Amino acid sequence: MLSVGLDASGAGWTLVWLWLALIASGLYHGVNPGMGWPLAVSAGLMERSPRALLGALGALSAGHLLATFLVLLPFALLFVLAEWQRPIQLGASLLVIGFGVYRLVDRRHPRALARIPPTQLALWSFAVAVAHGAALMLVPIYLGLCQAFDLDAGHAAAGSLIKANLGMAVLVAMVHVVAMVAAGGCLAWLVYRYLGLKFVSRSWFNLDAVWAASLILVGAVALALNFAS
Amino acid sequence: MTMRPDPTFHASPKLAMEAPPEDFAYTLLLSPDFAKPDALAVIDAKPGSPTYSRIVHTVTMPNKGDEFHHFGWNACSSALSPLAGHAFIERRYLIIPGLRSSRIYIIDTKPDPTKARIHKIIEPEEVFKKTGYSRPHTIHCGPDGIYVSTLGGGGKDGTSGPPGIFVMDCETFEVLGRWEIDRGPQTLHYDFWWNLPRDYMVSSEWALPPQFENGIVPEDLLSNKYGHRLHFWDLRARRNVQTIDLGANHQMALEVRPAHDPVREYGFVGVVVDTTNLEASIWTWWRKGGQFHAEKTATIPPEPAAKEQLPPLLQGFGAVPPLVTDIDLSMDDRFLYVSCWGTGEMRQYDVSDPRQPKLAGSVHIGGIARRTPHPSGKTFAAGPQMVEISRDGKRVYWTNSLYSTWDDQFYPDGVPGAEVMANVGHNGGLELASDYFVSFPDGYRAHQIRLDGGDCSTDSFCYPSV
Chain A
1 MLSVGLDASG AGWTLVWLWL ALIASGLYHG VNPGMGWPLA VSAGLMERSP
51 RALLGALGAL SAGHLLATFL VLLPFALLFV LAEWQRPIQL GASLLVIGFG
101 VYRLVDRRHP RALARIPPTQ LALWSFAVAV AHGAALMLVP IYLGLCQAFD
151 LDAGHAAAGS LIKANLGMAV LVAMVHVVAM VAAGGCLAWL VYRYLGLKFV
201 SRSWFNLDAV WAASLILVGA VALALNFAS
Chain B
1 MTMRPDPTFH ASPKLAMEAP PEDFAYTLLL SPDFAKPDAL AVIDAKPGSP
51 TYSRIVHTVT MPNKGDEFHH FGWNACSSAL SPLAGHAFIE RRYLIIPGLR
101 SSRIYIIDTK PDPTKARIHK IIEPEEVFKK TGYSRPHTIH CGPDGIYVST
151 LGGGGKDGTS GPPGIFVMDC ETFEVLGRWE IDRGPQTLHY DFWWNLPRDY
201 MVSSEWALPP QFENGIVPED LLSNKYGHRL HFWDLRARRN VQTIDLGANH
251 QMALEVRPAH DPVREYGFVG VVVDTTNLEA SIWTWWRKGG QFHAEKTATI
301 PPEPAAKEQL PPLLQGFGAV PPLVTDIDLS MDDRFLYVSC WGTGEMRQYD
351 VSDPRQPKLA GSVHIGGIAR RTPHPSGKTF AAGPQMVEIS RDGKRVYWTN
401 SLYSTWDDQF YPDGVPGAEV MANVGHNGGL ELASDYFVSF PDGYRAHQIR
451 LDGGDCSTDS FCYPSV
């Protein structure tokens, strides 16, 4: 599928940028302490074993992967309706912008998250990714990729389009999570092994506003590209 | 909302120990006859300062009869919990509950502790209405809010319904509601603390309000009606998972001190008096294989005394009970400090092996019969009571009042407020600092101490000290 993005046409370049944006979003989520890398450090130190650190990373990745996939799923199914693709894309962009504005205005963290026990890291990661709009942030990128792929594939039957869109959702979620776990895992390992716990409090910046702005930015860029095309 | 975590938040106990030492000791003042409003004293604890060991600021409350007892910070190192992702609050506000009035004061200590002032007052009605509890006591800063234990339930005398814990928002100070979902057999309350990554809480039992507000009730004590159980809770499920009865003769299980390092799944609790022999005891509790256990690991015997040395309450016994009313564990989990309020002794136990406490140091000061003076020559009324340890473990501070009406029963000659400090030897041992003796204004008694930047009974940690 990657080869689709590598021809030299304009659509090809769009694809390259979309894949890069997807990887960048993964790296960004990975280094954000709010998405869980300090939990991997804590697990490694509490159990005094690098294996526990890796186990925690695995659980965090699984939760994030599932959240991403589930948020993409309805869009994957809706996007089959070729004549509705543009309104869906516009709607998704506005949804992401709206969620960003909401996060900007209401900075309170959902209290329900505090009820999740530390033994259920995958559930925690899933809930955090949904509640903070981490998965939502990928929707415009995903729709862009689906569209480019569909255009390339021509007008196929609905059944094969659903299959293609679902496949793309799995691929997008996986690429994103691999980038995320690479970034978060590197950071967790560095802190665990070399930097020490002081790094946890020193490196922790309040990303609430930046995070909300990122959502708005992703939505706005998608909106602008949509109008331009 | 800040951009960085407060610099006084530390990921591990070890980092907290390495932080700069305290400059101020906040101390609660109470007016035992309710003639004056209670107050918060800010004491200069910086060696070499011209006002060292003196009150440099006082915040006087607008009401009388609150009876200040324990207090705590709005936020601490628990904010670095990786599960909460909410580290951007300040250790800034002191939460001071009135144990008698159920009123709660929020004191702003920034930008300068010497200009601390009242930020907000939560009236008792709000606590009653939103929680059904009364008589707020211990304050702990949790990762998701301020936890407050109470000693009373509803109704005028606090006996309709059991007491429990409620949660407050750490920024707006709104009372959010009860914490417990399933309290199991718990009907009495006193102290509580937790292990955050291991996700459990431990709580203890003192008594219901009619058993303490007008003084200790000797008949209730001798018939073992004060609290004697420990309750263990699933912290996030808010469920009582196990109750351990220490035995009915072990009356009043008070301060709960878990190891600070979260990999250590044990802690201590002090029992005031054994009604069979007047002994005080230290208990170690621990978790193994998902089950909690507790055993008596140290005892402190009563000291015989002549009748004329004793208050009427104790004359029939011919002895002074040690009355362990507070304990505190150093940040490295090595030394447990034990206040013997009756006999006038501060003990230091080496608890490197938590189930084999070894007496490592001791100083005598005050006491019902001994009446040991401070090395400065000043009189220290009553005995060592609320104890607080500096984060680095080198200094131990304490005051002398237990509770207004109980002070009068055990020390009828009066308990003028006093605060002293002892230096800790490199390998244990305690020595009172002759230049640290805080006298308080006439008519005030002194209770709990909090150190700026955190102390050994405030912060809880989510990462181990490795």
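Protein chains in written order, with the working numbering: chain A, 1 to 229; chain B, 1 to 466.
Ideal Cβ placement from N, Cα and C applies to all residues, glycine included.
Bear in mind the structure is a predicted one, so any value in this text is a computation, not a measurement.
Asked	Found
Please state whether the Cβ-Cβ distance between arginine 202/A and methionine 1/B is less than 8 Å.	no
Return no unless some Cβ of chain B is closer than 8 Å to the Cβ of leucine 45/A.	yes
What's the call for threonine 114/B, buried or exposed, on a 16-neighbour Cβ count within 10 Å?	exposed
In this structure, how does DSSP classify threonine 2/B when only helix, strand and coil are distinguished?	coil
Return the CA-CA distance between serine 434/B and alanine 87/B, expressed in angstroms with no decimal places.	40 Å
Whole angstroms are fine: how far does the CA of leucine 223/A sit from the CA of lysine 110/B?	45 Å
Within 10 Å of its beta-carbon, does isoleucine 181/B have 16 or more other beta-carbons around it, so buried, or fewer, so exposed?	exposed
Using 8 Å as the limit for Cβ to Cβ distance, is arginine 4/B near chain A?	yes
On a CA-only basis, which of Ile216/A, Leu27/A, Ser229/A and Tyr192/A is nearest alanine 11/B? Give me that one, please.	Tyr192/A
Please state the DSSP three-state secondary structure of aspartate 112/B.	coil
Less than 8 Å between CB atoms is the rule here; does phenylalanine 205/A satisfy it with respect to chain B?	yes
Drop a sphere of 10 angstroms on the beta-carbon of glutamine 291/B, count the other beta-carbons inside from all chains shown, and report buried for 16 or more, exposed for fewer.	exposed
Taking a Cβ distance cut-off of 9 Å, strictly less, list which residues of the region 255 to 285 of chain B are near chain A, in chain order.	Pro262 and Val263
For a test of the three-state rule: what should DSSP assign to tryptophan 398/B, helix, strand or coil?	strand
Look at the alpha carbon of glycine 5/A and the alpha carbon of alanine 24/A, and state the distance between them as a whole number of angstroms.	Unreliable placement is indicated for glycine 5/A, whose pLDDT of 39 sits below 50; no coordinate value is reported for it.
So if I threshold CB-CB distances at 9 Å, which residues from the region 196 to 219 of chain B count as touching chain A?	Leu196, Pro197, Arg198 and Asp199
Is phenylalanine 461/B helix, strand or coil by DSSP?	coil
From phenylalanine 69/A to alanine 173/A, what distance separates their C-alpha atoms?	6 Å
Leaving out five residues on either side along the sequence, give the residues of the same chain with a beta carbon under 6 Å from the beta carbon of isoleucine 141/A.	Leu18, Ala21 and Leu22
In the DSSP output, which residue or residues are listed as bridge partners for proline 231/B?	The question names proline, but residue 231/B in the sequence shown is histidine. According to DSSP, histidine 231/B bridges with Ser203/B and Thr243/B.
Determine, using beta carbons only, whether valine 200/A comes closer than 8 Å to chain B.	yes
In three-state terms, what does DSSP make of asparagine 504/B?	What is shown of chain B runs 1 to 466, which leaves residue 504/B out entirely.
Mind checking whether arginine 103/B and isoleucine 121/B have CB atoms under 8 Å apart?	yes
When the cut-off is 8 Å and only beta carbons count, does tryptophan 124/A lie next to chain B?	yes
For asparagine 170/B, return the contacting residues in chain A, with the cut-off set at a CB-CB distance below 8 Å.	Note that residue 170/B corresponds to cysteine in the displayed sequence, not to asparagine. Ordered by position in chain A, no residue passes the 8 Å Cβ test against cysteine 170/B, which lies about 11 Å from the chain.
In whole angstroms, what separates the C-alpha of glutamine 242/B from that of arginine 183/B?	10 Å
Closer than 6 Å by C-beta to glycine 361/B: which residues in its own chain qualify, once you throw out the five before and the five after it? Chain order, please.	Gln348, Gly428, Gly429 and Leu430
Return the chain-ordered list of same chain residues with a C-beta closer than 7 Å to the C-beta of alanine 169/A, the five sequence neighbours on each side being excluded.	Phe69, Leu72, Leu73, Ala76 and Tyr142
If you reduce the DSSP assignment to three classes, tell me which class proline 311/B lands in.	coil
Taking any Cβ of chain A, which residues in the region 453 to 465 of chain B have a Cβ under 8 Å from it, in chain order?	Cys462, Tyr463 and Pro464
Contact criterion: CB-CB distance below 8 Å. Does alanine 87/B meet it with respect to chain A?	yes
Going along the region 229 to 241 of chain B in order, which residues come within less than 9 Å of chain A, judged by CB to CB distance?	Asp234, Leu235, Arg236, Ala237 and Arg238
List, in order along the chain, the chain A residues whose C-beta lies closer than 7 Å to that of phenylalanine 9/B?	Ser201
Just to confirm my understanding: we take leucine 27/A, look at its own chain, exclude 5 residues before and 5 after, and list those with CB closer than 6 Å. What are they?	Ala179 and Ala183
In whole angstroms, give me the CA-to-CA distance for proline 38/A and serine 78/B.	13 Å
Provide the residue span of the alpha helix (DSSP H) that contains aspartate 408/B, from first to last.	404 to 410
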